Amino acid sequence: MSPIFPSLKCHLFEPSKKIIWTIVGKHHEYWLDLDLGYCSCDDYYFRTLSGKGMCYHLDFIKEKTNSRVDIVHFSDSEYYDFVKSVVNDNSLMIRNEKIGLG
């Protein structure tokens, strides 16, 4: 059974219709790319890349059961800054975990 996450967001960029999914996990917010089957969580690296299946965030988002999806609309002109912010947040999270702050 998949854990229930309090926040599943679809960040929709218009007019291109690009989508970035984010999900609040147990400790952090992660971003997902369903087309690539990618998640920014540690479990993705340990399970998915070693051939043991998908992380639970990807499983959850594909099932979309017991969840409310919040759709957040953005302009395409905001896409670069949004992606940059997500990457910076994930880099900071990784650094903090390495030094014991995360």
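By numbering that gives the first Met the number 0, the letter at position 91 of the sequence shown is numbered 90, and the numbering carries on one by one without gaps.
Even glycine gets a Cβ: it sits at the ideal position worked out from N, Cα and C.
Owing to the predicted nature of the structure, the values given are computational and were not obtained by experimental measurement.
Asked                                                                                         : Found
For D75, the three-state DSSP class (helix, strand or coil)                                   : helix
Exposure of Y79, with buried meaning 16 or more beta-carbon neighbours within 10 Å            : exposed
Span of the beta strand (DSSP E) around K17                                                   : 17-23
Secondary structure of K8, DSSP reduced to three states                                       : strand
Per-residue burial, F12 [other beta carbons within 10 Å of its own, 16 or more giving buried] : buried
C-alpha gap between M0 and M53, whole angstroms                                               : Reliability fails at M0, whose pLDDT of 46 lies under 50, so the model's placement of it is uncertain and the value that follows must be treated cautiously. The alpha-carbon atoms of M0 and M53 are separated by roughly 14 Å.
Beta-carbon proximity check, L7 vs R46, cutoff 8 Å                                            : no
8 Å Cβ cutoff met for W30 and V85                                                             : yes
Assigned exposure category for S74 - 16 Cβ within 10 Å defines buried                         : exposed
Reduced DSSP secondary structure (H/G/I, E/B, other) of D80                                   : helix
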